Structures are given as structure tokens and as C-alpha cells.
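A short write-up of the structure that comes next.
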Amino acid sequence: MADADQLAEELAAMDIKRSTTLSDLEAIEETSASIKRRVEQHPSRQATMMQEFIVALDRDDIEEEQRQELYRDWHQSIKSSIDEFNSLTAELERLKIQEVILTRIVREIDRKIEGLRTQLDDGI
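Numbering (my numbering), first residue to last: -15 to 108.
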């Protein structure tokens, strides 16, 4: 009977671990979806930014010094935009790795749970 109680406790602990791991996996999937949306929106945000600089540079009343400053600002904005995009894609890669790891952990937990249930069923 003590063995059955111990197996039942292990099974309960594994069920808790599985639930916790699934919650972690769900949080990662939600975060990934949010970042994917930001990546998908990136081209339109960048196009809007580019258009604003083009409009500013096309003005007839702009002096050369102002034009050069706009070019520098434009360059910095493009660099920042690229850095942001690279950061988002790196985060997506990191989250994908975490998702793969957690999925494997869930499978391993499921395997252990099935083994414990089999042991309990065989003992009864």
C-alpha cells in the first residue's frame, strides 16, 4: 500500500509539473505571436518613416544644412529600424528554442505519467 501511495504522490507531482510546463509553453506561444505581429508590421512602419523623410527632403524651402541634418536623421532612423527588426527576429529564435525544449519536457512528463499510471493500474 505504501508503494501505491508513493506512486500516487509521484503522479500528482508530475501532473502539477505538466500543468506548470504547459502554462510556460502557452506564455511563450503568446509572446511569440505578439512579436510575430510586430515583425509583420515592421515594413509598413518603416515605409511610413521613409515617406516622412522623403516629404521633408522634397520641400523647396529647405537649406543645405537642414537637408544634411535630415539625411543624418534618416540614416539613424534606418539603422534603428534595422536594429529593432534584428532584435525582434533574435527574440523569435530564442522563443522558438524555448518552445522546442518545453515541448520535449511535456512529452517526457507525459511518458513518466503514463508509466506511473501503468504501475498504479498493475498494482491495484
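Just so you know, even glycine gets a beta-carbon here, dropped at the ideal spot from N, CA and C.
Remember, it's a predicted structure, so these values are computed and weren't measured experimentally.
Just to confirm the assignment, what range does the alpha helix (DSSP H) spanning Glu92 have? 48 to 107
Which residues in the same chain have their Cβ closer than 7 Å to the Cβ of Glu75, if we skip the five residues on either side of it in sequence? Ile19
Measure the alpha-carbon distance for Asp(-11) versus Lys96 and round it to whole angstroms. 16 Å
If Ile93 and Arg2 are in contact, beta carbons under 8 Å, what's the gap, nearest whole angstrom? 5 Å
Val90 to Asp105 span [Cα, whole Å]: 22 Å
With 16 as the cutoff for other CB atoms within 10 Å, does Leu100 come out buried or exposed? buried
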